[in-house]
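> Its first residue numbered 0, the sequence shown is counted upward by one per residue in numbering that gives the first Met the number 0.
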Amino acid sequence: MSEEIIRSQREAIGILLEVVKRYQANSDLDEEYVRIAAGGGPEGRAARILEERRANSEAISRLLSRLEE
Numbered sequence: 000m001s002e003e004i005i006r007s008q009r010e011a012i013g014i015l016l017e018v019v020k021r022y023q024a025n026s027d028l029d030e031e032y033v034r035i036a037a038g039g040g041p042e043g044r045a046a047r048i049l050e051e052r053r054a055n056s057e058a059i060s061r062l063l064s065r066l067e068e
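#1: Skipping 5 residues on each side, what residues in its chain have a beta carbon closer than 8 Å to that of R34?
#2: Could you give the uninterrupted runs of the alpha helix (DSSP H) lying entirely in the segment 26-67, keeping only those of 4 residues or more?
#3: Beta-carbon within less than 7 Å of I5's beta-carbon, same chain only, minus the 5 sequence neighbours each way: which residues are those?
#4: How many Å lie between R47 and K20 at the Cα?
#5: Given this structure, state the Cα-to-Cα distance separating L66 from A11, to the nearest angstrom.
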């Protein structure tokens, strides 16, 4: 029983670390997006940033739903 609890705790910690990593990536992308928008940077990169943010947000949602199981 205790091994199962330890395994579950490790899995939860791994999921939470991945969530934090993706939130940080989105924060970094936000900063880059603001710099591009303020400086009139390349629109192509801005579109890629938005796509990366969307993908990270979807991954975060999936990861958090795994914790609810």
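For every residue, glycine included, the Cβ atom is placed at its ideal position computed from N, Cα and C.
Working from what's here:
#1: G40
#2: 42-67
#3: none
#4: 19 Å
#5: 7 Å
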